[in-house]
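Throughout the sequence shown, residue numbering follows the numbering used here, covering 4 to 700 in sequence.
Please read the structure below before turning to the comments.
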Amino acid sequence: MSLLLSGDVEANPGPRNTSTYPCGFCDIPVNWSCEGVCCDECSIWYHRSCLELCSADFDLLEYSHVQWLCCKCESINVNSFTFRSYETDSNYYAPIKGSDITLDSINSSVFSPIRTSSPRTDTSRTNSASKSTNRLSSSTYPKKRNLRILNMNCRSIIEKRGEFSALLEYTQPDIVCGTESWLKGIKPGSNPTSDSIKSCEVFSSHYKSYRNDRSSLGGGVFILVHEDLISVEQPEFVTICEITWVKVHLKGCKELYIGCFYMPHRNRDLIKELDRSLELLTVKKDRQIILCGDFNCPDVDWTSLSVTSPVDRIVHQDLIDLSIKFDLTQVQESPTRQGNILDLVFTTNPSLIKSTTVIPGISDHDIVVVDSDTKPHYNRQKPRKSFLFGKANWDALRVKCKVIYDTITQLYQQNKTIEDIWSYFKSTLLKEIETHIPSRTSRRRKSPPWLNHSLRKMSRRKTRLHTQAKKTRKWENYRHFQRECKRAYRRAEWSYVNNTIQEGLLNNNSKPFWSYVKSKQQDNIGVSPLKRKGQLLSDSKSKAVILINQFSSVFTQDDSNIMPPVSKTCDSVIPDIIINEEDVLKLLKNIQTAKAPGPDSIPNRVLKECATELAPSIALLFQKSLDTGCLPRDWLNANIAPVFKKGDRHLPENYRPVSLTSVLSKLLEHVVCRHIMKHFERHNILTSLNHGFRTSR
Numbered sequence: 004m005s006l007l008l009s010g011d012v013e014a015n016p017g018p019r020n021t022s023t024y025p026c027g028f029c030d031i032p033v034n035w036s037c038e039g040v041c042c043d044e045c046s047i048w049y050h051r052s053c054l055e056l057c058s059a060d061f062d063l064l065e066y067s068h069v070q071w072l073c074c075k076c077e078s079i080n081v082n083s084f085t086f087r088s089y090e091t092d093s094n095y096y097a098p099i100k101g102s103d104i105t106l107d108s109i110n111s112s113v114f115s116p117i118r119t120s121s122p123r124t125d126t127s128r129t130n131s132a133s134k135s136t137n138r139l140s141s142s143t144y145p146k147k148r149n150l151r152i153l154n155m156n157c158r159s160i161i162e163k164r165g166e167f168s169a170l171l172e173y174t175q176p177d178i179v180c181g182t183e184s185w186l187k188g189i190k191p192g193s194n195p196t197s198d199s200i201k202s203c204e205v206f207s208s209h210y211k212s213y214r215n216d217r218s219s220l221g222g223g224v225f226i227l228v229h230e231d232l233i234s235v236e237q238p239e240f241v242t243i244c245e246i247t248w249v250k251v252h253l254k255g256c257k258e259l260y261i262g263c264f265y266m267p268h269r270n271r272d273l274i275k276e277l278d279r280s281l282e283l284l285t286v287k288k289d290r291q292i293i294l295c296g297d298f299n300c301p302d303v304d305w306t307s308l309s310v311t312s313p314v315d316r317i318v319h320q321d322l323i324d325l326s327i328k329f330d331l332t333q334v335q336e337s338p339t340r341q342g343n344i345l346d347l348v349f350t351t352n353p354s355l356i357k358s359t360t361v362i363p364g365i366s367d368h369d370i371v372v373v374d375s376d377t378k379p380h381y382n383r384q385k386p387r388k389s390f391l392f393g394k395a396n397w398d399a400l401r402v403k404c405k406v407i408y409d410t411i412t413q414l415y416q417q418n419k420t421i422e423d424i425w426s427y428f429k430s431t432l433l434k435e436i437e438t439h440i441p442s443r444t445s446r447r448r449k450s451p452p453w454l455n456h457s458l459r460k461m462s463r464r465k466t467r468l469h470t471q472a473k474k475t476r477k478w479e480n481y482r483h484f485q486r487e488c489k490r491a492y493r494r495a496e497w498s499y500v501n502n503t504i505q506e507g508l509l510n511n512n513s514k515p516f517w518s519y520v521k522s523k524q525q526d527n528i529g530v531s532p533l534k535r536k537g538q539l540l541s542d543s544k545s546k547a548v549i550l551i552n553q554f555s556s557v558f559t560q561d562d563s564n565i566m567p568p569v570s571k572t573c574d575s576v577i578p579d580i581i582i583n584e585e586d587v588l589k590l591l592k593n594i595q596t597a598k599a600p601g602p603d604s605i606p607n608r609v610l611k612e613c614a615t616e617l618a619p620s621i622a623l624l625f626q627k628s629l630d631t632g633c634l635p636r637d638w639l640n641a642n643i644a645p646v647f648k649k650g651d652r653h654l655p656e657n658y659r660p661v662s663l664t665s666v667l668s669k670l671l672e673h674v675v676c677r678h679i680m681k682h683f684e685r686h687n688i689l690t691s692l693n694h695g696f697r698t699s700r
């Protein structure tokens with residue numbers, strides 16, 4: 004009877020299997036297996052993770068006056084109803100007695116009952132459900148799988164560099180197709196103009212950029228491809244419209260052709276140029292194509308392939324006919340601007356597309372996120388090993404360098420070859436360096452250094468507010484926060500730049516300043532795909548072979564049997580070179596430690612720090628080389644870097660080789676050169692009119 008009179012008790016009480024409390028952000032139910040809070044005003048539930056409420060504040064909600072703002076009704080909540088308040092350890096039962104019912108028990112928190120018939124049991128199923136719920140609610144778009152493409156309208160990308168950098172870090176795309184870049188000076192297959200805006204001024208260095216800028220103000224398209232992917236620009240498919248094409252290599256299947264197209268106004272001529280571009284591309288059958296861009300054709304029902312408005316009906320119908328002609332399927336179904344579907348994604352193979360999602364953009368257009376299960380062919384850079392010289396045990400290393408000299412002396416006296424002596428010196432020194440100098444494996448930083456945790460948090464919140472605004476049709480909060488994010492990104496970027504440069508100048512170090520200037524002056528695009536017999540080759544091995552053949556073909560092979568004619572004879576005899584340890588020590592102490600080591604991998608910093616201990620061993624190496632007329636194999640090798648000069652980047656003859664040789668071989672060259680020059684000057688062999696490579700001239 005007491006149970007029936009108590010009211011609010013179901014006939015068959017027990018744990019509820021289905022939840023009736025969807026989250027106000029993600030629509031995923033808030034249930035027993037996750038942490039959530041309820042608004043006192045509108046009774047809407049939220050996941051703790053969706054509100055970005057830390058665990059400490061969540062625990063305090065029940066006992067203190069921690070405030071939080073409801074995103075639905077914008078009311079401030081204090082001492083909120085939490086799902087955790089239901090937790091109990093057992094399904095305890097006790098008969099209700101009159102002595103138990105007091106005014107205090109009625110006024111006590113009804114959200115924290117001492118006894119309940121709906122216990123929480125910590126099972127593996129419950130825990131896994133909790134993890135799954137929190138994972139799904141932490142993001143409003145799918146997690147990155149294999150290939151991710153962004154289709155976005157920028158409306159002046161150069162003014163939104165901070166927002167764009169934060170977007171790349173948040174979404175982690177492999178490819179970005181952008182329209183309305185508002186850049187200038189770069190056309191597909193052509194060299195940049197003198198007044199062009201360089202890609203390094205706008206885009207991240209982790210992406211290769213392919214642009215088709217408009218000659219006048221506005222417009223322009225670009226495609227960014229991550230540096231780890233193998234991509235080749237396809238200028239032969241570009242026609243008289245704003246379009247660009249890139250070929251991306253996929254793993255285990257055909258190449259994927261990515262296109263980006265922009266139609267600023269509905270014009271049949273632009274559709275015809277797009278048709279001509281696709282005609283050129285599809286001359287070879289069965290090519291996989293993904294075409295993205297801003298088509299500005301909102302009045303098309305892509306499900307029924309029909310035009311829904313008489314305005315510019317012919318242009319809309321031309322676009323439909325083009326998609327049918329080239330077997331293109333439009334897979335993007337969400338509005339991207341003011342309820343209209345303007346930013347489209349076409350493909351010849353719909354099975355490539357796993358999902359398409361719309362997220363907030365950096366202009367008045369939303370961004371289309373295209374995820375594919377297709378796996379691209381990655382060509383990732385190897386991690387770079389760097390020594391931590393500041394933590395080196397220099398004293399112990401110097402002691403070991405002295406021991407090396409004793410063995411070098413024995414090998415020299417035993418008349419060992421220069422190759423044997425050098426092999427022992429190199430292997431032993433590198434082993435001691437590994438022992439006494441700590442190292443770390445470093446990769447290039449993927450995100451901008453100014454992008455901190457607070458800004459990442461703002462990016463996630465902006466996405467959630469965008470999702471909420473689309474549901475409620477109330478955009479004031481989102482637009483206000485979007486402007487706040489834009490200011491925060493710009494302020495953080497310039498604050499980092501100013502602080503870095505100012506700190507360097509205060510320490511009389513101008514390197515940070517010039518490093519920043521250099522990074523914004525020159526695009527580092529490496530070696531472009533090279534032509535061989537009319538075919539563009541993009542893989543590293545093929546490009547290396549092409550450049551080796553090119554550099555070898557222009558190299559002059561000296562014939563030692565043919566001597567040039569001598570107009571004047573000299574009876575002086577040059578003396579033999581005697582290597583002096585003091586001279587070697589002086590050369591070692593003048594080494595520039597900032598320069599990279601050669602093929603022998605011996606750091607310049609070690610040669611300079613241990614110069615006193617290494618000078619005797621190196622002097623013996625030099626003397627042995629001069630006495631025998633032989634050089635170690637490492638001193639004959641060089642790391643060759645091709646440097647582009649001018650002209651067409653796809654032609655190998657427009658690259659010049661820059662060789663990085665062993666530092667010790669350069670020191671030996673310096674010793675020999677100085678000895679010969681002293682002899683020439685002492686006997687007046689060189690004319691006074693010769694100024695090249697002579698000191699004080």
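Even for Gly, the Cβ is constructed at its ideal location relative to N, Cα and C.
Since we're looking at a predicted model, the values are computed, not measured.
Through-space distance from residue j to residue i, alpha-carbon basis
i    : j    : result
T698 : V675 : 16 Å
I688 : H682 : 8 Å
L617 : A641 : 23 Å
D278 : I178 : 23 Å
V373 : L325 : 22 Å
C157 : S207 : 15 Å
S575 : H686 : 7 Å
I274 : V318 : 8 Å
S703 : K648 : With the chain represented from 4 up to 700, any question about residue 703 goes unanswered, as that position is not in the structure.
D409 : S513 : 43 Å
Buried or exposed (CB count within 10 angstroms, at least 16 for buried), residue i
i    : result
K465 : buried
L220 : exposed
D321 : buried
A495 : buried
V646 : exposed
C613 : buried
S375 : buried
G632 : exposed
T475 : exposed
A597 : exposed
S46  : exposed
S487 : Note that residue 487 is Glu in the sequence shown here, rather than Ser. Looking at its Cβ environment, which holds fewer than 16 other Cβ atoms inside 10 Å, E487 is exposed.
N501 : exposed
S556 : exposed
Host beta strand (DSSP E) of residue i (start-end)
i    : result
L663 : Y658 to L663
W48  : W48 to H50
L347 : D346 to T350
Y408 : No beta strand (DSSP E) contains Y408, which is instead part of the alpha helix (DSSP H) from W397 to Q416.
W497 : Unbroken run through W497 is the alpha helix (DSSP H), E479 to L509; no beta strand (DSSP E).
S375 : I370 to S375
Supposed contact pair residue j and residue i - C-beta distance, whole angstroms, cut 8 Å
i    : j    : result
K254 : S234 : No, K254 and S234 are not in contact; Cβ-Cβ is about 14 Å, not under 8 Å.
L186 : R214 : 6 Å
K182 : D297 : One point to set straight first is that residue 182 is Thr, not Lys, in the sequence displayed. 4 Å between Cβ atoms; contact.
L150 : P379 : 5 Å
H381 : L171 : At residue 381 the sequence reads Tyr, which differs from the His that was named. Between L171 and Y381 the Cβ distance is about 18 Å, and since that is not below 8 Å, they are no contact.
V40  : L54  : 7 Å
Short CB-CB distance (under 9 Å) between residue i and chain C
i    : result
A395 : Of the protein chains in this structure there is only one, and it is not chain C.
Element boundaries [alpha helix (DSSP H), containing residue i]
i    : result
I424 : I421 to H439
G695 : Careful: G695 lies outside any alpha helix (DSSP H) and carries neither H nor E.
G165 : R164 to T174
Take every Cβ of the stretch 26-36, pair it with every Cβ of the stretch 467-479, and state whether three or more of those distances are shorter than 8 Å. The stretch 26-36 vs the stretch 467-479: in contact.
Does the stretch 431-450 touch the stretch 389-402, meaning 3 or more C-beta pairs lie closer than 8 Å? Here the stretch 389-402 makes contact with the stretch 431-450; the two share three or more CB pairs at distances below 8 Å.
Any contact between the stretch 498-515 and the stretch 346-354? By contact I mean 3 or more CB pairs, one from each, below 8 Å. no
Using 8 Å as the Cβ pair cut-off and three pairs as the minimum, do the stretch 307-326 and the stretch 285-293 touch? no
Counting beta carbon pairs with one atom in the stretch 396-409 and one in the stretch 355-366, are three or more of them shorter than 8 Å? no
Evaluate the contact criterion for the stretch 599-606 versus the stretch 660-670: three or more CB pairs, one atom per stretch, below 8 Å. yes
State whether the stretch 236-245 contacts the stretch 260-272, with contact taken as three or more CB pairs (one from each stretch) at a distance under 8 Å. yes
Indicate whether the contact test is met: 3 or more Cβ pairs, each with one atom in the stretch 364-373 and one in the stretch 330-344, closer than 8 Å. With the cut-off at 8 Å, the stretch 364-373 and the stretch 330-344 touch.
Does the stretch 483-501 come into contact with the stretch 190-202, if we say contact requires no fewer than three beta-carbon pairs (one atom in each stretch) closer than 8 Å? no
Segment contact flag, the stretch 581-591 with the stretch 547-555, C-beta cutoff 8 Å, min 3 pairs: Short answer: they don't touch.
Could you say if the stretch 649-657 and the stretch 620-628 meet the contact criterion of at least three C-beta pairs nearer than 8 Å? Judged by Cβ distances under 8 Å, the stretch 649-657 makes no contact with the stretch 620-628, as fewer than three pairs qualify.
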